[in-house]
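Undergrad: Please read through the structure below; I'll follow up with questions.
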Amino acid sequence: MDDRKFALLIDADNISAKYIAGILDELTKYGITTYKRIYGDWTSTQASKWKDELLSNSIVPIQQFSNTTGKNATDSALIIDAMDILYGGNVDGFCIVSSDSDFTRLASRLRESGMMVVGMGEEKTPQSFRNACTKFTNLENLLDTVETDNGNISQTSIEATIAGIITENANKGKTTGLGEIGSRLSNKYPDFDIRNYGYSYLSKYLEDLPRFSLTKVNSNITVDLSGSEGSMDSIIDYIIGEVCRRKSGIGLSELSNLLHKEFPDFNLKDYGYSQFYKFIQNINGIEVTEGAGNRKYARSVKK
13 MDDRKFALLI DADNISAKYI AGILDELTKY GITTYKRIYG DWTSTQASKW KDELLSNSIV
73 PIQQFSNTTG KNATDSALII DAMDILYGGN VDGFCIVSSD SDFTRLASRL RESGMMVVGM
133 GEEKTPQSFR NACTKFTNLE NLLDTVETDN GNISQTSIEA TIAGIITENA NKGKTTGLGE
193 IGSRLSNKYP DFDIRNYGYS YLSKYLEDLP RFSLTKVNSN ITVDLSGSEG SMDSIIDYII
253 GEVCRRKSGI GLSELSNLLH KEFPDFNLKD YGYSQFYKFI QNINGIEVTE GAGNRKYARS
313 VKK
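So in this note's numbering, the last one in the sequence shown is 315, and the numbering has no gaps at all.
Here it is, written out as structure tokens:
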């Protein structure tokens with residue numbers, strides 16, 4: 013993974029603080045977050061839930077008084093800062109977190125300058141802003157929790173994160189190197205230290221986890237899910253086959269039932285996921301959409 017540098021800019025006017033862990037985690041897929049700024053009126057009671065997250069996540073609050081300049085002040089401050097950072101030449105990309113279409117032109121302008129633009133917003137985010145970004149993620153998809161044990165990130169959370177990295181790479185036809193795992197863990201959990209778990213090296217830690225297998229070729233070490241070679245491909249092929257057989261798509265509940273009948277030992281947690289729809293939407297060629305009654309469907313997007 014390239015250690016690209018990103019500026020994270022959050023519009024607090026319409027984004028809930030409950031998403032912050034997922035936002036920071038998602039950004040580790042793309043690189044290192046060097047700027048963390050959030051814009052809003054911090055004298056407002058509406059922003060009170062964000063205040064607890066600012067210090068613990070090292071996010072710099074930018075004050076905009078809504079009672080004197082209106083909502084557009086927040087948008088303007090974020091846009092001005094984004095352009096200042098762009099001209100500073102110290103980042104490779106931006107992450108704009110907002111459900112507001114007002115940032116559509118900003119995203120387009122940043123991309124015109126060669127920047128990667130990662131957008132994040134709620135499902136209500138207008139299509140114009142989504143299309144202006146290089147990559148857009150619905151915040152509702154990022155609401156996983158992180159377990160802790162005596163102040164340390166729990167082994168369950170660490171294993172799930174590593175399994176998720178391996179699965180994500182496998183879906184893209186990539187192998188997972190030990191260095192990438194170490195980098196992604198450090199980006200997601202800034203206070204992660206393998207010595208807190210009784211090990212001096214990450215490789216030794218992983219070797220003692222039956223869930224993973226390590227392969228060393230010269231000085232390169234790759235990590236895989238134990239026994240997953242072949243079985244993972246079989247599961248993915250089966251899912252793609254079931255989805256492609258139905259032109260109008262298949263309900264996720266039905267797909268889940270079929271999958272468990274075909275693979276009785278299938279367990280989402282073995283692949284780093286806690287929700288079935290997240291697992292499905294990370295398979296290339298498949299998209300998850302919502303139909304009547306908030307039911308989710310899997311559809312093929314292959315041409």
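Think of the CB as a built atom: it goes at the ideal place given N, C-alpha and C, for glycine as much as any other residue. The model shown is predicted, which means the values in this text are computed figures rather than measured ones.
To the nearest angstrom, how far is the alpha carbon of Ile-97 from that of Ser-195?
TA: For the purposes of this step, residue 97 is taken as the residue at position 85 of the sequence shown. For the purposes of this step, residue 195 is taken as the residue at position 183 of the sequence shown. Computed Cα separation, rounded: 24 Å.
Undergrad: According to DSSP, which residues form a beta bridge with Asn-150?
TA: As a working note, residue 150 is residue 138 in the sequence shown. Answer is Gly-133, bridged to Asn-150.
Undergrad: Could you tell me if Asn-102 is buried or exposed, where buried requires 16 or more neighbouring beta carbons within 10 angstroms of its beta carbon?
TA: On the sequence shown, residue 102 is found 90 positions in, with the first residue counted as 1. Its Cβ having fewer than 16 others within 10 Å, Asn-102 is exposed.
Undergrad: Tell me whether the beta-carbon of Ala-332 lies closer than 7 Å to the beta-carbon of Ala-89.
TA: Since the first and last residues shown for the chain are 13 and 315, residue 332 lies out of range.
Undergrad: Decide yes or no for the touch test of the segment 135 to 155 against the segment 167 to 179: beta carbon pairs closer than 8 Å, at least 3 of them.
TA: no
Undergrad: Can you tell me whether Glu-266 is buried or exposed, with buried defined as 16 or more other CB within 10 angstroms of its CB?
TA: As a working note, residue 266 is residue 254 in the sequence shown. The residue in question, Glu-266, is exposed, as its Cβ has fewer than 16 Cβ neighbours within 10 Å.
Undergrad: Can we say the segment 49 to 63 touches the segment 207 to 222, given the rule of at least three CB pairs closer than 8 Å?
TA: no
Undergrad: Taking Cβ to Cβ, would you say Lys-17 is nearer than 7 Å to Thr-46?
TA: On the sequence shown, residue 17 is found 5 positions in, with the first residue counted as 1. On the sequence shown, residue 46 is found 34 positions in, with the first residue counted as 1. Yes, the Cβ-Cβ distance between Lys-17 and Thr-46 is below 7 Å.
Undergrad: Between which two residues does the beta strand (DSSP E) holding Ile-44 run?
TA: Position 32 of the sequence shown, counted from the first residue, corresponds to residue 44. Start and end: 43 to 52.
Undergrad: What does the alpha-carbon distance come out to for the pair Gly-263 and Gln-287?
TA: Residue mapping note: residue 263 aligns to position 251 of the sequence shown, counting from 1. Residue mapping note: residue 287 aligns to position 275 of the sequence shown, counting from 1. In a straight line, the C-alpha of Gly-263 is about 15 Å away from that of Gln-287.
Undergrad: Could you tell me whether the Cβ atoms of Ile-248 and Tyr-201 are closer together than 7 Å?
TA: In the sequence shown, residue 248 corresponds to position 236, counting from 1. In the sequence shown, residue 201 corresponds to position 189, counting from 1. For Ile-248 and Tyr-201, no; Cβs fall outside 7 Å.
Undergrad: Alpha carbon to alpha carbon, how far is Gly-242 from Gln-75?
TA: Working through the sequence shown from its first residue, we reach residue 242 at position 230. Working through the sequence shown from its first residue, we reach residue 75 at position 63. Interpretation of Gly-242 is limited by its pLDDT of 45, a score under 50 that renders its predicted location unreliable; the figure taken from the coordinates is listed afterwards. Roughly 53 Å separates the two Cα atoms.
Undergrad: Report the rounded CA-to-CA distance for Ile-92 versus Glu-302, giving the unit in angstroms.
TA: The residue given as residue 92 occupies position 80 in the sequence shown. The residue given as residue 302 occupies position 290 in the sequence shown. Rounded to the nearest angstrom, the two C-alpha atoms are 36 Å apart.
Undergrad: May I ask you to report which of helix, strand or coil DSSP gives Lys-315?
TA: Walking along the sequence shown from the start, residue 315 turns up at place 303. Residue confidence is low: Lys-315 scores 49 on pLDDT, short of 50, so the model does not pin down where it sits. Its coordinate-derived value is still stated next. In the structure shown, Lys-315 falls within a coil segment according to DSSP collapsed to helix, strand and coil.
Undergrad: Would you identify the three-state DSSP class for Ser-225, choosing helix, strand or coil?
TA: The residue labelled residue 225 in the question sits at position 213 within the sequence shown. Here Ser-225 sits in strand by DSSP.
Undergrad: Decide if Phe-275 is buried, meaning its Cβ has at least 16 other Cβ atoms within 10 Å, or exposed.
TA: Position 263 of the sequence shown, counted from the start, is the residue given in the question as residue 275. By the neighbour-count rule (16 or more Cβ atoms within 10 Å), Phe-275 is not buried but exposed.
Undergrad: Excluding the 5 residues flanking Gly-297 on each side, which residues of the same chain have their C-beta closer than 7 Å to its C-beta?
TA: The residue given as residue 297 occupies position 285 in the sequence shown. Within the same chain, Gly-297 has close Cβ partners Ile-252, Ser-312, Val-313 and Lys-314.
Undergrad: When you compare only the Cα positions, how much space is there between Ser-140 and Ile-22?
TA: Here residue 140 refers to the residue found at position 128 when the sequence shown is read from its first residue. Here residue 22 refers to the residue found at position 10 when the sequence shown is read from its first residue. Distance between the alpha carbons of Ser-140 and Ile-22: 18 Å.
Undergrad: According to the neighbour-count rule (16 or more other Cβ atoms, all chains shown, within 10 Å of its Cβ), is Tyr-42 buried or exposed?
TA: For this step, residue 42 is matched to residue 30 along the sequence shown. Under this definition Tyr-42 is a buried residue.
Undergrad: Can you tell me which of the three DSSP states Asn-232 falls into?
TA: As a first step, residue 232 must be located in the sequence shown, where it is residue number 220. Note: Asn-232 maps to strand in three-state DSSP.
Undergrad: Relative to the C-alpha of Gly-261, which candidate in Glu-299, Leu-66 and Arg-142 has its C-alpha closest?
TA: Here the question's residue 261 lines up with position 249 in the sequence shown. If we check each option's Cα against that of Gly-261, Glu-299 comes out closest.
Undergrad: When the distance is taken between beta carbons, is Met-95 closer than 7 Å to Ala-182?
TA: Translated into the one-based positions of the sequence shown, residue 182 becomes position 170. Translated into the one-based positions of the sequence shown, residue 95 becomes position 83. No, the pair does not count as a contact, with Cβ atoms beyond the cut-off.
Undergrad: Between Gly-131 and Lys-281, what straight-line distance do the alpha-carbon atoms span, to the nearest angstrom?
TA: Against the sequence shown, residue 131 aligns to sequence position 119. Against the sequence shown, residue 281 aligns to sequence position 269. When rounded, the distance between both Cα atoms is 27 Å.
Undergrad: Work out the CA separation of Tyr-31 and Asp-64 for me, nearest whole Å.
TA: On the sequence shown, position 52 is the one that residue 64 refers to. On the sequence shown, position 19 is the one that residue 31 refers to. Distance between the alpha carbons of Asp-64 and Tyr-31: 13 Å.
Undergrad: Where does Leu-67 land, buried or exposed, given buried means 16+ other C-beta within 10 angstroms?
TA: To locate residue 67, count along the sequence shown from 1; it is residue 55. By the 10 Å Cβ count, Leu-67 comes out exposed.
Undergrad: Does Val-255 come out as helix, strand or coil in the three-state DSSP assignment?
TA: As a first step, residue 255 is located in the sequence shown; it is residue number 243 there, counting from the start. Helix, per DSSP.
Undergrad: Going by the CB atoms, is the gap between Ser-111 and Thr-146 shorter than 7 Å?
TA: Indexing the sequence shown from 1 puts residue 146 at position 134. Indexing the sequence shown from 1 puts residue 111 at position 99. No.
Undergrad: Does the beta-carbon of Gly-133 have 16 or more other beta-carbons within 10 angstroms, so that it is buried, or is it exposed?
TA: By 1-based counting over the sequence shown, the position of residue 133 is 121. Buried.
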